[in-house]
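Every letter in the sequence shown is one number past the one before it in the working numbering, and letter 458, counting from 1, is 449.
Yeah, the Cβ is synthetic: ideal placement off N, Cα and C, and Gly gets one too.
Just so you know, these numbers come straight off a predicted model, no measurement behind them.
A short worksheet on the structure shown next.
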Amino acid sequence: MPKQLTFEFDQNFQDISPQKVARPKGYSGLYGFHKYWGKKPWEPLALIIEQLTQEGDIILDPFVGSGTSARESLLRSRRFIGFDINPVAIELTNLLVSPPDYFAIINAFKTLEKTLKKSINETYQLQDGRIASHYLWDKDRLHQVWLRGGPKNSRLELSPTAQDIELAQKFNPYTSQHIRNIRFFSNGRINASPTLSIADLMTGRAQYNIDLLITQIKTLPPDSQRAIYLCLTAASGQMSKMVFAVTNRGKNKGNISEKVEVGSWVIGYWRPELHFEVNVWNCFERRVSKLLKAISEDDPLQKTNICDSLEQFYQNHSDCCILYGPCQNEIEKIPKKSVNLILTDPPHSDRIPYLELSELWNSILGIEPIFESEIIISNAKERRKTPNLYKCTMIDFLAKCSTVMRDDAFLVLLYNSRQQDRWGFIQPFLDGSETSAGLQYLGQFPCNYSAGSVVQDTRKGGLKHDIALIFGKSNSDLSKVANLKNILGWSDTFRDE
């Protein structure tokens, strides 16, 4: 039987105080490499793990998302099981718990650079041979061409020539041969409809260049290939027609700037009339560079063995098991009373339709998720993901969670909603009813976001934080919760916002 994995690192790394939890830093390193909807700061997850578990304990996250809980668990020598129904979430989690070798990524990128950079840049070449970095479009009219080359490498803004227009039109008919057919639903919340296609989101030129990248990425060694694919998905938003042109900056302060700035893909599938088309190679290169800055040779999790079956995990073949599939099915395969902590950020009703929002990424990966099994409330009526179905499914799922928890285990849910009825699935576990599955409510604290978000806190009345809800089983050691009570905003009683 293989020896259980252990990691050694400076003890200060584990020094997570309640004060740090109240003031989390922004996403950095691997946590900032790839966009993912509703990412949580690592600080509260680290403190929860340290306070409620011991080394060697088993932690389960059935909605593993971007993988933060997985990485923080393994860094602290806990064993980890994670599920998710989102293919890109599984890929991200695998990256976080087993970062690729730095030099392998360097070599892979150099191979791609040697074979592709010139070919891709030629699709953005001006008449004089220079390479455009951005095209500013006003609807279907090319408004400006940008490139580097001014004083101190500042940008040059040029009027488009006939050659620029002709070059763009040349690729208009192109349709990707590698990006699978995108599946969208009638969801006005994210500006999507069943008729939406990759041509609505990407220019033909962008699709052509993404195909060039995918063709070559498939020739890379498997470990490098998976990481480079994630670089491509991470960059894909900036390769799309959804890159806003930011104008009138400073108008709220009475100092309006006439300068046009490059925005980003925010959330949903809005295609602004005034938008940028960005050089695909530049987008890709920047994202690879960000990954390289985030990984290092001495990452304690590098070369972590990730097993793909619970049987192997419980036979101690690995300290990490990441599974793709519906959590309500996968949790039934976990042995009863074997988990020390369930730490998870479940779907917040209709705030973030994860699979619908991740469809661009998953289409590039070539994987179609199991939309039918997603636990969510969707504004897309044809999905029939109703509030009542969501409530019933979550109540049933939390009951299943209780069965895999040890008698001294804890359950921590990170959740929030302004709609009172969205809390309905939690109520049985608060009032100790027969459906509470033996879970006892212990208290809550605010889990502050570490970065602003259009969805989270910039709208009028937007949410400023999630709420960490703590539950215990019959023999849970309540003294372990003591330090969590020092977090600013702790409350022994349940309340919503």
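Opening and closing residue of the beta strand (DSSP E) in which residue i lies
i, result
"TYR406", "396 to 406"
"PRO437", "431 to 439"
"ARG132", "132 to 139"
"PHE71", "70 to 75"
"ILE313", "311 to 315"
"THR484", "Run containing THR484: none; DSSP gives neither H nor E here."
"LEU334", "330 to 335"
Beta-bridge partners of residue i, as assigned by DSSP
i, result
"GLN116", "ILE122"
"ARG146", "ARG139"
"HIS456", "ASN439"
"TRP128", "LEU133 and HIS266"
"ASP52", "GLY73"
"PHE462", "LEU402 and TYR432"
"CYS392", "The partner list for CYS392 (beta bridge, DSSP) is empty, contrary to what the question assumes."
"CYS297", "Per the sequence shown, the amino acid found at residue 297 is Ile instead of Cys. Beta-bridge pairing links ILE297 to CYS311."
Start-to-end residues for the alpha helix (DSSP H) that takes in residue i
i, result
"PRO419", "418 to 421"
"ILE208", "195 to 208"
"ASP191", "189 to 192"
"ASP214", "213 to 227"
"GLU276", "271 to 285"
"ILE367", "Per DSSP, ILE367 belongs to no alpha helix (DSSP H) and is neither H nor E."
"ARG62", "59 to 66"
"ASN353", "350 to 356"
"THR84", "78 to 88"
"PHE362", "First-last for PHE362: undefined, no H or E at that position."
"ALA37", "33 to 43"
"GLU302", "301 to 305"
Secondary structure of residue i, DSSP reduced to three states
i, result
"ARG14", "coil"
"ASP412", "helix"
"THR449", "Any reading at THR449 needs caution, since the residue's pLDDT is 40, under 50, leaving its predicted position unreliable; the model's value is listed next. Of the three classes helix, strand and coil, the one that applies to THR449 here is coil, per DSSP."
"TRP28", "coil"
"GLY179", "helix"
"PHE94", "helix"
"VAL234", "strand"
"PHE162", "coil"
"GLY254", "coil"
"ILE156", "helix"
"ILE322", "helix"
"ILE386", "helix"
"ILE111", "helix"
"TYR260", "coil"
"GLU373", "helix"
"GLY47", "coil"
Inter-residue CB distance, residue i and residue j (contact presumed, cutoff 8 Å)
i, j, result
"CYS318", "SER309", "CYS318 to SER309, Cβ: 20 Å. No contact."
"SER349", "VAL79", "5 Å"
"ARG62", "ILE40", "With 8 Å as the limit, ARG62 and ILE40 do not qualify as a contact, their Cβ atoms being about 11 Å apart."
"LEU83", "LEU221", "7 Å"
"THR152", "GLN118", "6 Å"
Heavy atom of the ligand SAH within 7 Å of residue i beta-carbon
i, result
"GLN198", "The ligand SAH is not part of the structure shown, which contains no ligands of any sort."
Answer yes if the segment 68 to 81 comes into contact with the segment 91 to 107, meaning at least three C-beta pairs across the two stretches below 8 Å, and no otherwise.
No contact exists between the segment 91 to 107 and the segment 68 to 81.
Touching by the beta-carbon criterion (3+ pairs, under 8 Å), the segment 402 to 414 and the segment 335 to 342
Flag = yes, the segment 402 to 414 and the segment 335 to 342 touch.
Would you be able to state if there are at least three C-beta pairs under 8 Å between the segment 153 to 162 and the segment 122 to 139?
Flag = yes, the segment 122 to 139 and the segment 153 to 162 touch.
Given 8 Å as the limit, is there contact between the segment 198 to 213 and the segment 370 to 377, that is, 3 or more CB pairs closer than that?
Segments in contact, no.
Is the segment 20 to 29 touching the segment 50 to 65 in the sense that three or more CB pairs, one from each, lie closer than 8 Å?
Counting Cβ pairs under 8 Å, three or more are found: they touch.
Count the CB pairs spanning the segment 11 to 26 and the segment 291 to 305 that are closer than 8 Å, and state whether there are at least three.
The segment 11 to 26, when compared against the segment 291 to 305, does not touch it at the 8 Å Cβ threshold.
Within 8 Å, do at least three Cβ pairs link the segment 166 to 178 to the segment 342 to 361?
Yes, they touch.
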